[in-house]
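Asks: The numbering used here applies: residue 27 is where the sequence shown begins, and numbers increase by one.
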Amino acid sequence: MDQKYIRNFSVIAHIDHGKSTLADRILVQTGAVSAREFREQFLDDMDLEREMGITIKANRATVRYEFDGQEYMLNLIDTPGHVDFHYEVSRALAACEGVLLLVDATQGVQAQTVANAYKAVDANLTIIPVVNKIDLAGAVPEDVALEIEHVLGIPADETIFTSAKTGQGIDEVMRAIVERIPPPAGRRDARLRAMVYDAKTDVHRGVICHLRVFDGRIRKGDKIRFLATGAHFVVAELGKFMPQHRPVETLAAGEVGYLYANIRTINEVHIGDTVTLSKDPSDDPLPGYVPPQQMVFCDFYPGPGSTAGDLRKAMEDLWLNDSSFTFEPVSSDALGLGFRCGFLGLLHMKIVQERLEREADIDAVQTAPTVTYELMLTDGQVRRIESASDMPDPSMIAEIREPIVHANIIVPASSLGAIMQMSEDRRGRYKATEYLSPTRAMLTYELPLSEILYDFYDKLKSATQGYGTMNYELTGFRADKLVKMNILVNGRPVDALSVIVHRDKAEARGRRLAKRLSKAIARHQFAIPIQAAIGGKIIARETIKPFRKDVTAKLYGGDVTRKMKVLERQKRGKRRMKSVGSVEIPQEAFMAVLDPGE
């Protein structure tokens, strides 16, 4: 098809504003999916996506649309809305010329709406504002259009009002895609340059590469070269997502599709790499992507009935379909051999854990999530660590730096005071306040990532009756008064329970943690002291009392020395048991260290 009749576009929005529903409606409207085949969240092919009602992986479909007697090829990419998967949005935008910016008619502009719109502006894409859910009782589409104009500078009269659920306004959306989004640039007679914007693994056929062709043509049987790795392969199959795989003979400049080339492992493919022909290669690689940066780390250890080998195989199988998390071997005195894993956020971590349990039937013990810290050593070296257990001797450390995020928090104006106080309590630095409307405002703060990691978002929702939203991005590292707090169980330090805390909050945090652990760890036949320590100084202690057995019950009358001898023998037995006995630490104990404050 002629390039001028091709449109590549993406759907971006805040979470739960109707992206997948709009994608479903476009598939039905263009006849790409019949009524018999259709189901909700059609492009979301993971069970978890349907159960949780969210998009995790960007999905794509090529549809045909007739407008003014001319057939157009529309390449649609549906993207995730959750902040953890922003890298998926960035990759999708690199394959497009325009976006549909979807906003809920009842909720207005939200934090991820702003973040995704700025991504589209940075990528120099055409933005079509679409106000969705106008069929709901509380919809105020005109007010939302004015809010989009105020916050993002997109004229309100360019906004399209629609309901993806009922189909109202979908024709206007389709016309806008054809009329406003420019056709793809690029020359079909130039040397081949195609970008790999995603990759997955098929258990039978190896790696499937998702391509956007920018220049030239690629044909079945061509010998291709990946510029970043230098690897050569022969194209076994080309195709398009219609939305099912449909093989084609050629993909030309401006088109989006997939490629099989007998690539065995995902290690051989770099997302963002440029594909060119081996016999006539291009020396000008496409810009590509910055690799996703893992922000949250935690350790996984095999639980009852699983081994480290089982866990490794499950991790490797999962990594083939989600290369955005990392894992490396780690060992613990208390838990044995395991793996330290890096994730894009807490939701990403939860999804990986859920997939391990479902797809591999692995019962894993998971430690509390942590963030990356930078250490400035006394010899001038800078080292990054993902866990408090990796910290060297304190005498070698000049300063500890923690990751800082730039956060945009959109809240009702009536909740400003509560959210500002909550941000100050989390050591946030105030930057600005901008009123989006008389009833809603956007706060900008710099916050330590460790302070917002666990429960900040939940408390934000509680304080704003569910109307608060937040988006954040990592800006760098900043030094502060940070120390390592060790946790000793029965006199032995448990590395997996140690944490890095702010010095001013260490004592209160230690007390809370010792108390929570004393409730999480079961009683044993001997007393178990739980202590929080900084260096050699104990700052908090709780004791789990032992089970007690009345060994004097069968004694009656007689000399009191008989009773004293029996009690002394019991005491010696408990001392001996304590010196050789081990304390069983359940999963709940490792999650107890999550609590950053009441």
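Beta carbons are placed, not taken as given, at the ideal position from N, Cα and C, and that holds for glycine.
Which parts of the stretch 498-569 are runs of the beta strand (DSSP E), unbroken and 3 residues or longer, counting only runs that do not cross its ends?
Replies: DSSP runs (the beta strand (DSSP E)) wholly in the stretch 498-569: 508-515, 525-528 and 554-560.
Asks: List the DSSP bridge partners of residue 429.
Replies: Against the sequence shown, residue 429 aligns to sequence position 403. Per DSSP, 503.
Asks: One question on the structure: do residue 508 and residue 397 come within less than 9 angstroms of each other, judged by their Cβ atoms?
Replies: Numbered from 1 along the sequence shown, position 482 holds the residue referred to as residue 508. Numbered from 1 along the sequence shown, position 371 holds the residue referred to as residue 397. Contact: no.
Asks: Under 8 angstroms, with one C-beta from each stretch per pair, do the stretch 519-538 and the stretch 563-570 reach the 3-pair mark?
Replies: In short, these stretches touch, since the Cβ pair count reaches three.
Asks: Less than 9 angstroms between CB atoms is the rule here; does residue 192 satisfy it with respect to chain C?
Replies: This model lacks chain C altogether, as it is built from one protein chain only.
Asks: Output the distance between the C-alpha atoms of residue 423 and residue 415, rounded to the nearest integer angstrom.
Replies: By one-based count along the sequence shown, residue 423 stands at place 397. By one-based count along the sequence shown, residue 415 stands at place 389. Looking at the two C-alpha atoms, the distance is approximately 14 angstroms.
Asks: With distances taken from CA atoms, which of 301, 343, 292 and 365 is nearest residue 327?
Replies: One-based indexing of the sequence shown puts residue 327 at position 301. If we check each option's Cα against that of residue 327, 365 comes out closest.
Asks: Give the DSSP-derived three-state secondary structure of residue 228 in the structure shown.
Replies: In the sequence shown, the residue the question calls residue 228 occupies position 202. Residue 228 falls in the strand class under three-state DSSP.
Asks: Report yes if the C-beta distance between residue 147 and residue 185 is below 9 angstroms; otherwise report no.
Replies: Working through the sequence shown from its first residue, we reach residue 147 at position 121. Working through the sequence shown from its first residue, we reach residue 185 at position 159. In this structure, residue 185 does not lie closer than 9 angstroms to residue 147 by Cβ.
Asks: Exposed or buried, residue 192, counting other C-beta atoms within 10 Å across all chains shown (16 or more means buried)?
Replies: Within the sequence shown, numbered from 1, the residue matching residue 192 stands at position 166. The residue is exposed, with fewer than 16 neighbouring Cβ atoms inside 10 Å.
Asks: Just the Cα atoms here: how many angstroms apart are residue 76 and residue 373?
Replies: Residue mapping note: residue 76 aligns to position 50 of the sequence shown, counting from 1. Residue mapping note: residue 373 aligns to position 347 of the sequence shown, counting from 1. Only weak support is given to the placement of residue 76: the predicted model assigns it a pLDDT of 48, under 50, and the question is left unresolved by the model.
Asks: At what residues does the beta strand (DSSP E) containing residue 158 begin and finish?
Replies: What you label residue 158 is simply residue 132 of the sequence shown in a count that begins at 1. Its beta strand (DSSP E) spans residues 152-158.
Asks: Suppose you measure from the CA of residue 41 to the CA of residue 519; what does that come to, to the nearest Å?
Replies: By 1-based counting over the sequence shown, the position of residue 41 is 15. By 1-based counting over the sequence shown, the position of residue 519 is 493. So the two alpha carbons sit approximately 42 angstroms from each other.
Asks: Between 159, 495, 468 and 294, which has its C-alpha nearest residue 253's C-alpha?
Replies: The count along the sequence shown starts at 1 and reaches residue 253 at position 227. When each option's Cα is compared against that of residue 253, the closest is 294.
Asks: Grab the span of the beta strand (DSSP E) containing residue 34 for me, first residue to last.
Replies: Translated into positions along the sequence shown, residue 34 becomes position 8. From DSSP, the beta strand (DSSP E) with residue 34 extends over 32-39.
Asks: In whole angstroms, what separates the C-alpha of residue 355 from that of residue 117?
Replies: By 1-based counting over the sequence shown, the position of residue 355 is 329. By 1-based counting over the sequence shown, the position of residue 117 is 91. The straight-line gap from Cα to Cα measures roughly 29 angstroms.
Asks: Please give me, in chain order, every unbroken run of the beta strand (DSSP E) with length at least 3 that falls completely inside the stretch 290-368.
Replies: Segments of the beta strand (DSSP E) lying fully in the stretch 290-368: 300-303, 322-328 and 352-358.
Asks: Would you call residue 510 buried or exposed, if buried means 16 or more other Cβ atoms sit within 10 Å of its Cβ?
Replies: Counting from one through the sequence shown, the residue named residue 510 turns up at place 484. That one is buried.
Asks: Please give me, in chain order, every unbroken run of the beta strand (DSSP E) with length at least 3 that falls completely inside the stretch 129-213.
Replies: As far as the stretch 129-213 is concerned, its whole beta strand (DSSP E) runs of at least 3 residues are 152-158.
Asks: Residues in the same chain with beta-carbon distance under 7 angstroms from residue 463, minus the five sequence neighbours each way, listed in chain order, please.
Replies: Locating residue 463 in the sequence shown gives position 437, where the first residue counts as 1. These residues qualify, in order along the chain: 173.
Asks: Can you check which of these residues, 307, 483 and 491, is closest to residue 441 by C-alpha distance?
Replies: On the sequence shown, residue 441 is found 415 positions in, with the first residue counted as 1. Checked all of 307, 483 and 491; the closest Cα to residue 441 is 491.
Asks: If residue 135 sits next to residue 220, beta carbons under 8 angstroms apart, how far is it from one beta carbon to the other, in whole angstroms?
Replies: Here the question's residue 135 lines up with position 109 in the sequence shown. Here the question's residue 220 lines up with position 194 in the sequence shown. Between residue 220 and residue 135 the Cβ distance is about 35 angstroms, and since that is not below 8 angstroms, they are no contact.
Asks: DSSP on residue 242, reduced to helix/strand/coil?
Replies: Position 216 of the sequence shown, counting from 1, holds the residue named residue 242. Note: residue 242 maps to coil in three-state DSSP.
Asks: Using DSSP's beta-bridge definition, name the partner residues of residue 463.
Replies: Here residue 463 corresponds to residue number 437 of the sequence shown, with the count starting at 1. In DSSP, residue 463 forms a bridge with 466.
Asks: Pull up the DSSP beta-bridge partners for residue 235, would you.
Replies: If you number the sequence shown from 1, residue 235 lands on position 209. 225 and 285, per the DSSP bridge assignment.
Asks: Under a three-way DSSP split, which group does residue 625 fall into?
Replies: This structure does not reach residue 625, given that the chain is present from 27 up to 624, and the question cannot be answered.
Asks: Please list the terminal residues of the continuous beta strand (DSSP E) segment that includes residue 49.
Replies: Locating residue 49 in the sequence shown gives position 23, where the first residue counts as 1. No beta strand (DSSP E) holds residue 49; the alpha helix (DSSP H) holding it covers 45-55.
Asks: Output the boundary residues of the alpha helix (DSSP H) element that contains residue 397.
Replies: Against the sequence shown, residue 397 aligns to sequence position 371. First-last for residue 397: undefined, no H or E at that position.
Asks: Helix, strand or coil for residue 385, going by three-state DSSP, please let me know.
Replies: One-based indexing of the sequence shown puts residue 385 at position 359. The answer is helix: DSSP assigns residue 385 an H, G or I state.
Asks: Exposed or buried, which one is residue 159 when buried takes at least 16 other CB atoms within 10 Å?
Replies: Reading the sequence shown from its first residue, position 133 is the one you call residue 159. Residue 159 comes out buried.
Asks: Would you be able to state if there are at least three C-beta pairs under 8 angstroms between the stretch 553-560 and the stretch 512-528?
Replies: Yes: at least three Cβ pairs fall under 8 angstroms.
Asks: Please list, in chain order, all residues of the same chain as residue 93 whose beta carbon is under 8 angstroms from its beta carbon, the five residues on each side excluded.
Replies: Translated into positions along the sequence shown, residue 93 becomes position 67. Same-chain partners within the cutoff: 200, 201 and 204.
Asks: Indicate the three-state DSSP secondary structure (helix, strand or coil) for residue 420 in the structure shown.
Replies: Residue mapping note: residue 420 aligns to position 394 of the sequence shown, counting from 1. Note: residue 420 maps to helix in three-state DSSP.
Asks: Just reading off the alpha helix (DSSP H) that residue 412 is part of, what are its end residues?
Replies: What you label residue 412 is simply residue 386 of the sequence shown in a count that begins at 1. No alpha helix (DSSP H) contains residue 412, which DSSP labels as neither H nor E.
Asks: Which value, in whole angstroms, describes the spacing of the CA atoms of residue 234 and residue 246?
Replies: In the sequence shown, counting from the first residue as 1, residue 234 sits at position 208. In the sequence shown, counting from the first residue as 1, residue 246 sits at position 220. Taking the straight line from one Cα to the other gives about 14 angstroms.
Asks: Are residue 124 and residue 151 touching if we call contact CB-CB under 9 angstroms?
Replies: Counting from 1 along the sequence shown, the entry for residue 124 is found at position 98. Counting from 1 along the sequence shown, the entry for residue 151 is found at position 125. Result yes, Cβ atoms of residue 124 and residue 151 sit closer than 9 angstroms.
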